[in-house]
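J.:
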Amino acid sequence: MNWSDEGYVLSVRRHGEAAAIVNLLTRDHGRHAGLVRGGMGRRLRGVLQPGNQVVADWRGRLEEHLGTFTVEGKRDHAAALLSDGDRLAGLTAAAAVTEAALPEREPHLPIHDAFASLLDALANSSVWSAVYVRFELGLLAELGFALDLSQCAATGATEDLAYVSPRSARAVSRAAAAPYKERLLPLPRFLLPDAPDELNRQDVLDGLKLTGHFLEATVFAPHNKPLPGARDRLVHRLMRE
Numbered sequence: 000m001n002w003s004d005e006g007y008v009l010s011v012r013r014h015g016e017a018a019a020i021v022n023l024l025t026r027d028h029g030r031h032a033g034l035v036r037g038g039m040g041r042r043l044r045g046v047l048q049p050g051n052q053v054v055a056d057w058r059g060r061l062e063e064h065l066g067t068f069t070v071e072g073k074r075d076h077a078a079a080l081l082s083d084g085d086r087l088a089g090l091t092a093a094a095a096v097t098e099a100a101l102p103e104r105e106p107h108l109p110i111h112d113a114f115a116s117l118l119d120a121l122a123n124s125s126v127w128s129a130v131y132v133r134f135e136l137g138l139l140a141e142l143g144f145a146l147d148l149s150q151c152a153a154t155g156a157t158e159d160l161a162y163v164s165p166r167s168a169r170a171v172s173r174a175a176a177a178p179y180k181e182r183l184l185p186l187p188r189f190l191l192p193d194a195p196d197e198l199n200r201q202d203v204l205d206g207l208k209l210t211g212h213f214l215e216a217t218v219f220a221p222h223n224k225p226l227p228g229a230r231d232r233l234v235h236r237l238m239r240e
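Following this line, the structure appears as structure tokens:
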């Protein structure tokens with residue numbers, strides 16, 4: 000059997016002398032792996048970089064087999080970020096988190112489209128780090144673990160929301176949180192409807208702490224997996240600024 004689709008490279012692992020096992024985030028077939036013959040060779044090495052968009056043909060005798068990919072480059076996103084270590088780290092982290100979090104061979108079109116939007120922000124936006132946090136929130140929601148940031152879990156208030164409960168994943172207002180705020184996660188302002196125009200570094204770090212907590216607790220820990228190292232490296236880079 001065979002199919003054709005477009006997608007984004009998530010990871011590349013050497014297999015034998017020159018072949019590679021490639022994981023793609025495809026539009027219609029979800030996260031899908033396949034063997035690319037010559038994938039580590041000179042012709043394809045530049046194409047098969049995390050974040051790059053490709054057109055892929057997959058062939059396998061049976062649907063459950065690994066199968067083989069034939070790929071052609073469509074758009075090179077990685078090379079454009081080589082001069083900016085932070086943005087490149089954001090791309091690498093997004094690819095690693097997506098690969099580790101998504102079940103294989105299940106279509107998740109919203110994540111495919113959100114990944115494309117994140118790549119555009121990484122290339123063109125000064126607030127790409129906020130878009131990255133929103134991407135992880137969307138990933139959680141797509142996997143069934145959406146956060147409720149619409150109103151206070153304790154009072155129902157919709158104003159002055161400042162924290163998130165690490166257990167219920169619901170927002171808490173500043174007043175209601177006062178007695179136990181040390182046990183709550185900060186809610187960055189850029190995730191609220193009345194978000195300020197300016198984005199500060201602490202808000203981004205708070206956002207990464209928020210999504211990181213729920214990714215770890217709901218997606219990775221149940222499978223005895225840690226958060227991907229690439230994501231930890233992104234956080235450490237942004238902390239050093």
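If you use numbering that gives the first Met the number 0, the sequence shown corresponds to residues 0 to 240, in order.
We put the beta carbon where it would ideally sit given N, CA and C, even for glycine.
The structure presented is a predicted model; accordingly, all values stated were derived computationally and were not measured.
#1: Taking C-alpha atoms, which residue in Asp147, Met39, Asp193 and Arg44 lies nearest to Glu16?
#2: DSSP three-state call for Val21: helix, strand or coil?
#3: Should Leu87 be labelled buried (16 or more other beta-carbon atoms within 10 Å of its own) or exposed?
#4: Classify His111 as buried or exposed, calling it buried when 16 or more other Cβ atoms lie within 10 Å of its own Cβ.
#5: Please classify Ala32: does DSSP put it in a helix, a strand, or coil?
#6: Could you tell me how far apart the beta carbons of Gln52 and Glu105 are, in whole angstroms, since I believe they sit closer than 8 Å?
#7: Under three-state DSSP, which class holds Thr69?
#8: Should Thr157 go down as buried or exposed, given a rule of 16 or more other Cβ atoms within 10 Å for buried?
#9: Can you tell me which of Val35, Leu183, Met238 and Ser167 puts its alpha carbon nearest to the alpha carbon of Gly59?
#10: If I measure Cβ to Cβ from Asp56 and keep anything under 6 Å in the same chain, skipping five residues before and after, which residues do I get?
#11: Does the segment 128-137 come within contact of the segment 155-169, defined as at least 3 CB pairs closer than 8 Å?
#12: Confirm, please, whether the CB-CB distance from Pro49 to Leu90 is below 8 Å.
#13: Have a look at the DSSP bridge pairing and note the partners of Arg74.
#14: Take Ser116 and list the residues in its own chain whose beta-carbon comes closer than 8 Å to its own, dropping the five residues that flank it on each side.
#15: Should His222 be counted as a contact of the ligand ADP given a C-beta to heavy atom distance under 7 Å?
#16: Report back the beta-carbon spacing between Val205 and Pro192 to the nearest angstrom; my notes put them in contact at under 8 Å.
#17: Report the option in Met0, Gly66, Leu61 and Arg41 whose CA atom is closest to the CA atom of Leu23.
T.: Straight from the coordinates:
#1: Walking along the sequence shown from the start, residue 16 turns up at place 17. Measuring from the Cα of Glu16, the nearest candidate turns out to be Met39.
#2: Indexing the sequence shown from 1 puts residue 21 at position 22. Of the three classes helix, strand and coil, the one that applies to Val21 here is strand, per DSSP.
#3: Here residue 87 refers to the residue found at position 88 when the sequence shown is read from its first residue. Leu87 comes out buried.
#4: Counted from its first residue, the sequence shown places residue 111 at position 112. Label assigned to His111: buried.
#5: Residue 32 sits at position 33 when you count from the first residue of the sequence shown. Here Ala32 sits in strand by DSSP.
#6: Residue numbering aside, residue 52 sits at position 53 when the sequence shown is read from its first letter. Residue numbering aside, residue 105 sits at position 106 when the sequence shown is read from its first letter. With a Cβ gap of about 20 Å, Gln52 and Glu105 do not count as contacting.
#7: As a first step, residue 69 is located in the sequence shown; it is residue number 70 there, counting from the start. It is a strand residue.
#8: On the sequence shown, position 158 is the one that residue 157 refers to. Classification of Thr157: exposed, given that the 10 Å Cβ count is below 16.
#9: Taking the sequence shown and counting its residues from 1, one reaches residue 59 at position 60. Comparing Cα-Cα distances from Gly59 to each of Val35, Leu183, Met238 and Ser167, the minimum goes to Val35.
#10: As a first step, residue 56 must be located in the sequence shown, where it is residue number 57. Same-chain partners within the cutoff: Ser3 and Thr69.
#11: Output reads no: the segment 155-169 does not touch the segment 128-137.
#12: On the sequence shown, position 91 is the one that residue 90 refers to. On the sequence shown, position 50 is the one that residue 49 refers to. Going by C-beta atoms, Leu90 is nearer than 8 Å to Pro49.
#13: In the sequence shown, counting from the first residue as 1, residue 74 sits at position 75. Bridge partners of Arg74: Gln52.
#14: Working through the sequence shown from its first residue, we reach residue 116 at position 117. These residues qualify, in order along the chain: Val130 and Phe134.
#15: Although the ligand ADP was asked about, the structure shown includes no ligands whatsoever.
#16: By one-based count along the sequence shown, residue 205 stands at place 206. By one-based count along the sequence shown, residue 192 stands at place 193. With the sequence shown as reference, residue 205 is identified as Asp, and Val is not the correct amino acid for it. Not really, about 17 Å apart at Cβ, beyond 8 Å.
#17: Taking the first residue of the sequence shown as position 1, residue 23 is located at position 24. Cα-wise, what sits closest to Leu23 is Gly66.
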